[in-house]
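What follows is one structure encoded as structure tokens, with my remarks underneath.
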Amino acid sequence: MKLRTFLTTAVAAAAALALTAPAALAQTAYKSEYRMSLVLGTAFPWGKGGELWANKVRERTNGRINIKLYPGVSLIQGDQTREFSALRQGVIDMAIGSTINWSPQVKQLNLFSLPFLMPDYAAADALTQGPVGKSLFQTLDKAGVVPLAWGENGYREISNSKHAIKTPADLKGLKIRVVGSPLFLDTFTALGANPTQMSWADAQPAMASSAVDGQENPMSVYMAAKLYTVAQKHVTMWGYINDPLVFVVNKDIWNSWTPADREIVKQAAIDAGKEQVAIARKGMVEADKPLLKEVASHGVTVTQLSAAEREAFVKATRPVVEKWKGPIGADLVNLAEKSIAERKR
Ligand code: X2X
48 MKLRTFLTTA VAAAAALALT APAALAQTAY KSEYRMSLVL GTAFPWGKGG
98 ELWANKVRER TNGRINIKLY PGVSLIQGDQ TREFSALRQG VIDMAIGSTI
148 NWSPQVKQLN LFSLPFLMPD YAAADALTQG PVGKSLFQTL DKAGVVPLAW
198 GENGYREISN SKHAIKTPAD LKGLKIRVVG SPLFLDTFTA LGANPTQMSW
248 ADAQPAMASS AVDGQENPMS VYMAAKLYTV AQKHVTMWGY INDPLVFVVN
298 KDIWNSWTPA DREIVKQAAI DAGKEQVAIA RKGMVEADKP LLKEVASHGV
348 TVTQLSAAER EAFVKATRPV VEKWKGPIGA DLVNLAEKSI AERKR
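Following this note's numbering, the numbering of the sequence shown begins with 48 at its first residue and continues without gaps.
Put into structure tokens, the structure is as follows:
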């Protein structure tokens with residue numbers, strides 16, 4: 048090669064490198080490990096979702112993106128309502144989080160905690176998989192994270208150590224552990240109970256020592272955490288709310304990946320989310336609800352409500368729905384009600 052040609056080629060190559068430098072830099076800036084935050088570990092459907100997502104990403108990127116699970120929200124010392132802020136700040140790289148835990152920062156997510164909004168699984172799907180889900184993803188994006196897919200913690204049923212709950216009067220004076228969104232204080236106060244906020248980590252010892260009488264969580268969580276061993280011998284199936292899970296990535300982390308890798312991470316989240324929802328519903332969607340039989344086999348009273356009995360709880364909590372419509376956004380609540388009314392069953 049003549050010197051002149053060589054120089055021209057070298058200059059062109061240097062220019063090309065300069066142009067592509069940000070992308071090239073981004074690729075070399077991959078971390079050896081990414082930290083995924085979760086409240087519940089792999090003994091629970093929630094943690095299984097994390098494992099599925101991480102494995103799919105590792106396989107499909109040939110190990111370029113390695114994810115380690117941090118259950119028990121251990122990156123933020125178990126303080127689950129700080130997860131969203133930590134995610135935004137980069138203390139956490141990615142997460143599968145409950146809408147409940149992020150709703151103190153993202154008020155629209157309180158939608159899913161409106162009592163008796165979603166009568167069945169089809170209603171929950173109509174929200175996450177329809178225009179409401181899209182709108183909430185835009186909100187999350189604006190709030191500074193990259194939302195990729197929906198999962199599910201599940202329909203939350205109430206348990207306690209004292210007696211069967213059949214009417215709101217049965218809740219009177221019961222000390223109920225709730226998660227740290229103010230909406231829950233309103234709901235349980237409206238029902239005559241005595242709600243107290245604490246993290247999941249603190250909740251189990253509190254039940255064991257009778258510092259609290261009851262709690263509300265999906266039956267899959269109740270079973271995997273063996274809540275019948277911490278005096279929770281009465282369960283009422285009232286299905287008052289369902290908390291979806293959201294698969295998200297911190298924005299800077301997302302931007303550090305190549306477009307091809309972003310697509311892989313997103314598709315893996317969607318695939319893992321679908322599988323995770325099926326795992327979360329297992330035992331509850333079959334006609335004979337085998338999970339409830341298993342619960343009852345531990346000496347637990349499982350109370351089913353008639354339509355009229357359930358209606359009494361709906362009526363008692365109606366003012367809470369009215370109060371929270373404004374803070375959540377009336378348009379969003381209306382869109383949710385419309386999506387549910389038009390749902391496929
Ligand atoms: O703390 C709870 O109750 C749990 C595990 O369900 C959530 O993180 C919302």
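Beta carbons: idealized from backbone N, C-alpha and C, even for Gly. Computed from a predicted model, the values in this text were never measured in an experiment.
- When the beta-carbon positions are compared, Asp126 and Arg82 stay at least 8 Å from each other.
- By the C-beta criterion, the region 323-339 is judged to be in contact with the region 94-109, since at least 3 inter-stretch pairs fall below 8 Å.
- Contact between the region 172-180 and the region 245-258 is absent: fewer than three C-beta pairs spanning the two stretches fall below 8 Å.
- Distance from Met284 to Leu352 at the Cβ level is roughly 7 Å; contact confirmed, criterion being Cβ atoms closer than 8 Å.
- Short of 8 Å from the beta carbon of Gly346, and not among the five residues preceding or following it, lie these beta carbons of its own chain, in chain order: Tyr275 and Lys280.
- Excluding sequence positions up to five before and after Ser150, its CB lies within less than 6 Å of the CB of Leu156, Asn157 and Ser228, all in the same chain and listed in chain order.
- Scanning Ile205, Ser182, Val295 and Thr364 for the CA closest to the CA of Ser84 turns up Val295.
- The alpha carbon of Thr89 has as its nearest neighbour, out of Asn109, Pro306 and Ile143, the alpha carbon of Ile143.
- Spatial neighbours of Thr186 in its own chain (CB-CB distance under 6 Å, excluding positions within 5 residues in sequence) are listed in chain order as Gln155.
- Annotation: Met165 to Ile387 spans about 7 Å, alpha carbon to alpha carbon.
- Here DSSP, grouped into helix, strand and coil, assigns Pro242 to strand.
- Assignment of beta-bridge partners to Thr350 by DSSP yields Thr283.
- Rounded to whole angstroms, Ala307 and Lys372 show a C-alpha spacing of 40 Å.
- Taking 7 Å as the cut-off, the C-beta of Leu87 counts as close to a heavy atom of the ligand X2X.
- Per the Cβ contact rule, the region 334-349 is not in contact with the region 213-229 (fewer than 3 Cβ pairs under 8 Å).
- Taking 8 Å as the cut-off, the beta carbon of Gly96 is found no closer than this to the beta carbon of Asn297.
- For His210, the closest of Lys181, Lys385, Thr146 and Val349 by C-alpha to C-alpha distance is Val349.
- A direct Cα-to-Cα measurement between Ala383 and Phe235 gives close to 23 Å.
- Its chain contains Ile123 as the residues whose beta carbon lies nearer than 7 Å to that of Arg129, once the 5 sequence neighbours on both sides are disregarded; these appear in chain order.
- In this structure, the ligand X2X has no non-hydrogen atom nearer than 7 Å to the beta-carbon of Trp285.
- The ligand X2X has a heavy atom closer than 7 Å to the beta-carbon of Ser145.
- For Trp247, the Cβ falls inside the 7 Å cut-off from some heavy atom of the ligand X2X.
- Scanning its chain for C-beta atoms nearer than 6 Å, with the 5 sequence neighbours on each side dropped, one finds around Tyr117 the residues Arg82 and Ser84, in chain order.
- Within the region 248-304, the complete beta strand (DSSP E) runs of at least 3 residues fall at 261-265 and 281-297.
- Per DSSP, the beta-bridge partners of Pro194 are Val295.
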